[in-house]
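Input: a single structure, listed below in structure tokens.
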Amino acid sequence: MKALILSGGGARGAYEAGVVDALVARETFDIVCGTSIGALNGMLVAQGMGGRLADLWLTLPGRKVAQLRPELAGIMRLWDGLHGIARAPLFTKPRHALAMLASIPELRIARRLRELRGLLDSAHVRAIVTEIADLAAVRHTFILGVTNLSTARGNAFAYFPPPLQAGSESFFFAEHDAQSITNANYVDAVCASAALPPAFEPVAIRCADGRTRIFADGGFTNNAPLRQAIDAGATEVTAIFVDPVAPIDVNHEVETMAHIASLMLEANTNRMLELDLKLTAHINDDVMEGNAPGKRFVKIRIIRPQEPLALPLLNFEDGAEITKLLELGRRDGERASLAVTPPAAATGS
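When we follow this note's numbering, the leftmost residue of the sequence shown carries the number 239, and every step to the right adds one.
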């Protein structure tokens, strides 16, 4: 069984979408696993809409995906007004003063700041997911990586369509705390996987045991659900990552909170991936030597950019850069697919 693993990476998921666009034109996958932005990309692939990913990404610059919550937007407008009054030429100060005064009524909602669990308005992401989500259209096993904040553990949501139900028993036995994706929680599960803190607020989901738990971005605990793909029966894995292999002697700039958060996430996900790949390699070696009863050899193909992608994690508004990443991903995907697939291969998604 062939599995496609789509990792997180924020706006850099445009590269991932480009790779997918090229792959699904030549290859089919039985299992789709996604985390964070990979959950959104994976949803389209699982629903047989992988060829429409590029079109979706080209619309994101106008969808206000990374817009501040109203509580924070009012404060920012007040700050801009104060800054304008202090720094602007004398003849423009009245205009800045009026803008500042106009923002003051909005501060009535600032008292909710202590209750905020995210800086950005999640409604825009939820609207996109809701427009696309159609569980009845899912034709591949679909697995989402999430972080269960209520238990402080990595977790997963999974759906096995009727023709693939045979694989569900062994998966849920191995992943005993995984949750089933249902019509009731499908949108919530995708949004939770993509709820990168502190940017987006976590999502409350009622679980199978009747208890409501809080879930957030899977990037911190399960950025590339390799183990879950294998537990679902994968024998061949294609994993797409949005970061190149990190050189040991790299020297990142560390200037802002955003830099710190991004680098902490990158370090954590790189370490998880390294450990998962080492474990799989050891198991493959044991299988080849006949020392791993009950295990199977898993072929792994990794597709990733050669150089770091310049687009910041939350910059979904740069349409020109998103277009560049889509094209870069498409070229890398075509190259990888042609390396293993004869030109006359059947197409699918």
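The C-beta atom is built at its ideal place from N, Cα and C for all residues, glycine as well.
Bridge-paired residues (DSSP) for residue i
{"i": "Ser-418", "result": "Ala-396"}
{"i": "Thr-450", "result": "Arg-444"}
{"i": "Val-270", "result": "Leu-242 and Phe-380"}
Beta-carbon proximity list for residue i, same chain, < 6 Å, skipping 5 on both sides
{"i": "Ala-252", "result": "Trp-295, Ile-560, Leu-563 and Leu-564"}
{"i": "Arg-250", "result": "Val-480, Leu-547 and Leu-549"}
{"i": "Ala-582", "result": "With a pLDDT of only 46 at Ala-582, under the threshold of 50, the placement of this residue in the model should not be trusted, and no figure is reported."}
{"i": "Ser-406", "result": "Phe-398"}
{"i": "Arg-227", "result": "In the structure displayed, the chain extends from 239 to 587; residue 227 sits before or after that span and is not available."}
{"i": "Lys-302", "result": "His-362"}
Contact test: residue i Cβ vs the ligand GDP heavy atom, cutoff 6 Å
{"i": "Ile-452", "result": "Although the ligand GDP was asked about, the structure shown includes no ligands whatsoever."}
Beta-carbon proximity check, residue i vs residue j, cutoff 7 Å
{"i": "Phe-554", "j": "Ala-374", "result": "no"}
{"i": "Thr-297", "j": "Thr-385", "result": "no"}
{"i": "Leu-402", "j": "Thr-420", "result": "no"}
{"i": "Asp-570", "j": "Ile-540", "result": "no"}
{"i": "Asp-293", "j": "Arg-568", "result": "no"}
{"i": "Val-428", "j": "Met-281", "result": "yes"}
{"i": "Gly-248", "j": "Leu-552", "result": "yes"}
{"i": "Gly-246", "j": "Gly-528", "result": "no"}
{"i": "Pro-463", "j": "Gly-383", "result": "yes"}
{"i": "Phe-410", "j": "Ala-416", "result": "yes"}
{"i": "Phe-355", "j": "Gly-286", "result": "The question names Phe, but residue 355 in the sequence shown is Arg. No, they are not a contact pair."}
Close-in-space but distant-in-sequence residues of the same chain around residue i (CB under 8 Å, 5 per side omitted)
{"i": "Ala-472", "result": "Met-239, Lys-240, Ala-241, Asp-268, Ile-269 and Val-536"}
{"i": "Ala-467", "result": "Ala-241, Ile-243, Ile-269, Cys-271, Ile-381 and Val-475"}
Cβ neighbours of residue i in the same chain (closer than 7 Å, five flanking residues each side left out)
{"i": "Leu-358", "result": "Ala-304, Gln-305, Leu-306, Arg-307, Ala-437 and Phe-438"}
{"i": "Thr-585", "result": "Caution applies to Thr-585, whose pLDDT of 42 falls short of 50 and renders its modelled position unreliable; the value that the coordinates give is listed next. Taken in chain order, the residues that qualify are Ala-263 and Arg-264."}
Q | Given 8 Å, three or more beta-carbon pairs between the segment 391-402 and the segment 240-255 | A | Contact fails: fewer than three Cβ-Cβ distances are below 8 Å.
Q) Counting Cβ pairs, one atom from each stretch, are 3 or more of them under 8 Å apart for the segment 361-368 and the segment 245-263? A) The segment 361-368, when compared against the segment 245-263, does not touch it at the 8 Å Cβ threshold.
Q. So, do the segment 426-445 and the segment 273-280 have three or more beta carbon pairs nearer to each other than 8 Å?
A. Short answer: they touch.
Q: Decide yes or no for the touch test of the segment 259-267 against the segment 435-452: beta carbon pairs closer than 8 Å, at least 3 of them.
A: No: fewer than three Cβ pairs fall under 8 Å.
**Q.** beta strand (DSSP E) runs wholly inside the segment 474-546, at least 3 long, in chain order
**A.** Assignment of beta strand (DSSP E) within the segment 474-546, counting only whole runs of 3 or more residues, yields 474-478 and 537-541 in chain order.
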